[in-house]
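Asks:
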Amino acid sequence: MGAPPGYRPSAWVHLLHQLPRADFQLRPVPSGFAPQEQEYQQALLLVAALAGLGLGLSLIFIAVYLIRFCCCRPPEPPGAKSPPPGGGCVTWSCIAALLVGCAGIGIGFYGNSETSDGVSQLSSALLHANHTLSAIDHLVLETVERLGEAVRTELTSLEEVLAQRTELVAAARGARQQAEAVTQQLQGLAFWRGVPLSPLQVAEDVSFVEEYRWLAYVLLLLLELLVCLFTLLGLAKQSKWLVIVMAVMSLLVLVLSWGSMGLEAATAVGLSDFCSSPDTYILNLTEEETGLDSDILNYYFLCNQAVSNPFQQRLTLSQRALANIHSQLQGLEREAVPQFPDAQKPLLSLEETLNVTEGNFHQLVALLHCRGLHKDYGAALRGLCEDALEGLLLLLLFSLLSAGALATALCSLPRAWALFPPRNPSALCSGSHPSEPLLHAGLEPVTPTPVSFQRATPRFPELPLLSCPSLWGPGRPCRLHRAPVSASP
1 MGAPPGYRPS AWVHLLHQLP RADFQLRPVP SGFAPQEQEY QQALLLVAAL AGLGLGLSLI
61 FIAVYLIRFC CCRPPEPPGA KSPPPGGGCV TWSCIAALLV GCAGIGIGFY GNSETSDGVS
121 QLSSALLHAN HTLSAIDHLV LETVERLGEA VRTELTSLEE VLAQRTELVA AARGARQQAE
181 AVTQQLQGLA FWRGVPLSPL QVAEDVSFVE EYRWLAYVLL LLLELLVCLF TLLGLAKQSK
241 WLVIVMAVMS LLVLVLSWGS MGLEAATAVG LSDFCSSPDT YILNLTEEET GLDSDILNYY
301 FLCNQAVSNP FQQRLTLSQR ALANIHSQLQ GLEREAVPQF PDAQKPLLSL EETLNVTEGN
361 FHQLVALLHC RGLHKDYGAA LRGLCEDALE GLLLLLLFSL LSAGALATAL CSLPRAWALF
421 PPRNPSALCS GSHPSEPLLH AGLEPVTPTP VSFQRATPRF PELPLLSCPS LWGPGRPCRL
481 HRAPVSASP
């Protein structure tokens, strides 16, 4: 089958399509896209279950590590104040894991945007195809109504005016028969009328699901970003309660990351199977949902020289009938108008209707060609199988980095938490800040020793005295006063 213009299965599609598949009994399953078959559904569920297995192993590893850390830790010698060896490596490994998680969040935002762009391209292609099909139905309906009105009014009036000339009445009746034949042929061109499957409804459903998917991933990415940032803040501030809260949140985000990983892996595998050979599945599904002839579907979905236009015969007959009507009206205008002036008005109205009908007919020929709808089909496949699939793979990478980073952080946080210095309750109660340099240095404030001065003999000048008047208040500087010198007797 011919591939749509501009679409070729990518290397990622071939790689994922070649992965082995198995059902719940571990029996091989063909890689053809068949979502209605139970074996294929089991194969996709088994792919998603691998993420559940990874989650279980991660939780078991974290639990064993934490139990060993809490219960098998060697006792510290009494009076030991230095941190245990390797404490800095533990803290930095936790920080490095969180930074890797932040990098994965950036990849996740980009992958979410790519997936949204691919689905938006799919919706746009469906809307454009719906516009083309609606335009075909509208042109057919308008042309048929216009021709029917012309047959009922102008041709009837023309036959009444030309009733005296039998050969002219026969020509008018021939034009009537040709117009009715054109109407009958045009009605068969509206092939999508009455079809229960609407591209507009499909596009709306796809956009609705994609909107909530995009929002869910944005919330997950923001939640993990907040967990990483607040965990780094707790490590920087050495806040135990913040680290404990973020450890619990990290466990929750770890579960969500593994769950999203399973959903993304199963979706990517199924999408690769679809994109490796989409024509067969799309043809069968559309024929089943619409009930259209397979020749019409093959013409629009394949659009190659091997498939002929199923409407070519109708278009040819309609074009010939319009040409015959045009020639008959020109003959009536040459022969009837000189003898019957009243025939000029219906003839002019018929000429105008015929010109509009020919314009609509040429538009129908262009719209019914397979190029337009086949181009929309190719655009939908490119959006779904290129942008959306690449976005899913980036989201899968985000989930993998997130799960690894959070598991590493959950193992490192308890050891980093144990290295935090203890709080000094007595220092906090006395009003002094625990980070004062004196307290950190283990020094006590020096109390100044009062200096006493003794009065000397009257023969020598007295030493300066410290005078601290109460007027200055406590804590004000003292001034030196020299005592007066008394003369010796």
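Residue numbering for the sequence shown follows full-length UniProt numbering, starting at 1 and increasing by one per position. Built from N, CA and C at the ideal position, the CB exists for glycine as well.
Beta-carbon within less than 7 Å of Leu16's beta-carbon, same chain only, minus the 5 sequence neighbours each way: which residues are those?
Replies: Your numbering for residue 16 matches position 16 in the sequence shown. Only Ala268, Val269 and Ser272 meet the Cβ criterion.
Asks: Using only the alpha-carbon positions, how far apart do Glu352 and Tyr217 sit?
Replies: Mapped onto the sequence shown, residue 352 falls at position 352. Mapped onto the sequence shown, residue 217 falls at position 217. Near 58 Å, if we compare the C-alpha coordinates of Tyr217 and Glu352.
Asks: Would the beta-carbon of Gly331 be found less than 7 Å away from any heavy atom of the ligand ADP?
Replies: Absence of the ligand ADP from the depicted structure is noted, as is the absence of any ligand whatsoever, leaving it without description.
Asks: Is it the case that the region 124-134 contacts the region 307-318, given that we only count it when at least three CB pairs across the two stretches are under 8 Å?
Replies: With a cut-off of 8 Å, the region 124-134 and the region 307-318 do not count as touching, because too few Cβ pairs lie within range.
Asks: Can you name, in chain order, every residue of its own chain whose Cβ lies under 6 Å from the Cβ of Thr290, other than the five neighbours on each side?
Replies: Along the sequence shown, one-based indexing puts residue 290 at 290. Cβ neighbours of Thr290 beyond the five flanking positions: Val195 and Leu197.
Asks: Return the Cβ separation of Gly104 and Trp258 in integer angstroms, given the expectation that the two are a contact with Cβ distance under 8 Å.
Replies: Stepping through the sequence shown from its first residue, residue 104 is reached at position 104. Stepping through the sequence shown from its first residue, residue 258 is reached at position 258. Incorrect: roughly 14 Å between the Cβ atoms, too far for contact.
Asks: From Ala34 to Tyr40, what does the alpha carbon distance come to, in whole angstroms?
Replies: In the sequence shown, counting from the first residue as 1, residue 34 sits at position 34. In the sequence shown, counting from the first residue as 1, residue 40 sits at position 40. Cα to Cα, Ala34 sits roughly 6 Å from Tyr40.
Asks: So, helix, strand or coil for Pro338, using DSSP?
Replies: Here residue 338 refers to the residue found at position 338 of the sequence shown. In this structure, Pro338 counts as helix in the three-state DSSP scheme.
Asks: Would you list the residues sitting across from Pro28 in a DSSP beta bridge?
Replies: In the sequence shown, the residue the question calls residue 28 occupies position 28. Bridge partners of Pro28: Ala22.
Asks: Contact between the region 227-234 and the region 95-103 is defined here as three or more beta-carbon pairs at a separation below 8 Å; is this criterion met?
Replies: Counting Cβ pairs under 8 Å, three or more are found: they touch.
Asks: Determine the DSSP secondary structure at residue 492, reduced to helix, strand or coil.
Replies: Nothing about residue 492 can be reported from this structure: the residues present for the chain run from 1 to 489 only.
Asks: Output the distance between the C-alpha atoms of Val90 and Ser412, rounded to the nearest integer angstrom.
Replies: Counting from one through the sequence shown, the residue named residue 90 turns up at place 90. Counting from one through the sequence shown, the residue named residue 412 turns up at place 412. The alpha-carbon atoms of Val90 and Ser412 are separated by roughly 6 Å.
Asks: Output the distance between the C-alpha atoms of Arg173 and Tyr281, rounded to the nearest integer angstrom.
Replies: By one-based count along the sequence shown, residue 173 stands at place 173. By one-based count along the sequence shown, residue 281 stands at place 281. Rounded to whole angstroms, Arg173 to Tyr281 spans 50 Å at the Cα level.
Asks: Note the first and the last residue of the continuous alpha helix (DSSP H) segment covering Leu251.
Replies: Walking along the sequence shown from the start, residue 251 turns up at place 251. Here the alpha helix (DSSP H) through Leu251 covers Lys240 to Ser276.
Asks: From this set, Val13, Leu44, Thr166 and Met246, which residue's C-alpha is nearest Ala265's C-alpha?
Replies: In the sequence shown, counting from the first residue as 1, residue 265 sits at position 265. Measuring from the Cα of Ala265, the nearest candidate turns out to be Leu44.
Asks: Just reading off the alpha helix (DSSP H) that Pro310 is part of, what are its end residues?
Replies: For the purposes of this step, residue 310 is taken as the residue at position 310 of the sequence shown. From DSSP, Pro310 is part of no alpha helix (DSSP H); its letter is neither H nor E.
Asks: Are the beta-carbon atoms belonging to Thr143 and Asn360 less than 8 Å from one another?
Replies: Position 143 of the sequence shown, counted from the start, is the residue given in the question as residue 143. Position 360 of the sequence shown, counted from the start, is the residue given in the question as residue 360. Contact: yes.
Asks: Expressed to the nearest angstrom, what Euclidean distance is found between the alpha-carbon atoms of residue 556 and Glu159?
Replies: This structure cannot settle anything about residue 556, because the visible part of the chain is limited to 1 through 489.
Asks: When DSSP labels each residue in this structure, what does Ser134 get in the three-state scheme?
Replies: Along the sequence shown, one-based indexing puts residue 134 at 134. Helix, per DSSP.
Asks: Assuming Leu189 contacts Val140 under a Cβ cut-off of 8 Å, what Cβ separation, rounded to an integer in Å, is found between them?
Replies: In the sequence shown, counting from the first residue as 1, residue 189 sits at position 189. In the sequence shown, counting from the first residue as 1, residue 140 sits at position 140. So it is a contact: roughly 5 Å between Cβ atoms.
Asks: Would you check if the distance between the CB atom of Leu147 and the CB atom of Thr357 is smaller than 8 Å?
Replies: Position 147 of the sequence shown, counted from the first residue, corresponds to residue 147. Position 357 of the sequence shown, counted from the first residue, corresponds to residue 357. Yes.
Asks: Less than 8 Å separating the beta-carbons of Ala380 and Leu122?
Replies: Here residue 380 is taken as the residue at index 380 of the sequence shown, counted from 1. Here residue 122 is taken as the residue at index 122 of the sequence shown, counted from 1. A contact, by the Cβ cut-off of 8 Å.
Asks: Would the beta-carbon of Leu347 fall within 8 Å of that of His326?
Replies: Stepping through the sequence shown from its first residue, residue 347 is reached at position 347. Stepping through the sequence shown from its first residue, residue 326 is reached at position 326. Against a cut-off of 8 Å, the Cβ pair of His326 and Leu347 comes out as no contact.
Asks: Looking only at its own chain, which residues have a Cβ that is under 6 Å from the Cβ of Glu154, when we skip the five neighbours before and after it?
Replies: As a working note, residue 154 is residue 154 in the sequence shown. Excluding sequence neighbours, Glu154 sits near Pro346, Ser349 and Leu350.
Asks: Under 8 Å between the Cβ atoms of Leu364 and Ile107?
Replies: Locating residue 364 in the sequence shown gives position 364, where the first residue counts as 1. Locating residue 107 in the sequence shown gives position 107, where the first residue counts as 1. Not closer than 8 Å, so no.
Asks: My understanding is that Asn254 touches Ala403, with C-beta atoms under 8 Å, so please give their C-beta distance in whole angstroms.
Replies: Taking the first residue of the sequence shown as 1, we reach residue 254 at position 254. Taking the first residue of the sequence shown as 1, we reach residue 403 at position 403. With the sequence shown as reference, residue 254 is identified as Leu, and Asn is not the correct amino acid for it. The Cβ separation is near 6 Å, so the contact holds.
Asks: Measuring CA to CA, which of Ala181, Tyr377 and Leu401 is closest to Arg8?
Replies: For the purposes of this step, residue 8 is taken as the residue at position 8 of the sequence shown. Here the closest residue by C-alpha is Tyr377.
Asks: Note down the Cα distance separating Leu225 from Glu390, rounded to an integer number of angstroms.
Replies: Along the sequence shown, one-based indexing puts residue 225 at 225. Along the sequence shown, one-based indexing puts residue 390 at 390. Answer to the nearest angstrom: the Cα atoms are 22 Å apart.
Asks: What is the residue span of the alpha helix (DSSP H) that His17 lies within?
Replies: In the sequence shown, counting from the first residue as 1, residue 17 sits at position 17. Taken as a continuous stretch (DSSP letters only), the alpha helix (DSSP H) holding His17 covers Ala11 to His17.
Asks: With a Cβ-Cβ cutoff of 8 Å, do Gly262 and Gly52 count as a contact?
Replies: Mapped onto the sequence shown, residue 262 falls at position 262. Mapped onto the sequence shown, residue 52 falls at position 52. The answer is yes: Cβ separation under 8 Å.
Asks: For Ser198, does the three-state DSSP call read helix, strand or coil?
Replies: Within the sequence shown, numbered from 1, the residue matching residue 198 stands at position 198. It is coil, neither helix nor strand.
Asks: Using DSSP with H/G/I as helix, E/B as strand and the rest coil, what is Asn112?
Replies: Residue mapping note: residue 112 aligns to position 112 of the sequence shown, counting from 1. Of the three classes helix, strand and coil, the one that applies to Asn112 here is helix, per DSSP.
Asks: Just to check my reading of the structure: Leu394 and Glu114 have Cβ atoms closer than 8 Å, yes? What is that Cβ distance to the nearest angstrom?
Replies: Here residue 394 is taken as the residue at index 394 of the sequence shown, counted from 1. Here residue 114 is taken as the residue at index 114 of the sequence shown, counted from 1. About 6 Å separates the two Cβ atoms, so the contact holds.
Asks: With burial defined as no fewer than 16 other Cβ atoms inside 10 Å of the residue's Cβ, what is the status of Phe398: buried or exposed?
Replies: Position 398 of the sequence shown, counted from the start, is the residue given in the question as residue 398. Label assigned to Phe398: buried.
Asks: Where does residue 544 land, buried or exposed, given buried means 16+ other C-beta within 10 angstroms?
Replies: In this structure the chain extends from 1 to 489, so residue 544 is not present and cannot be described.
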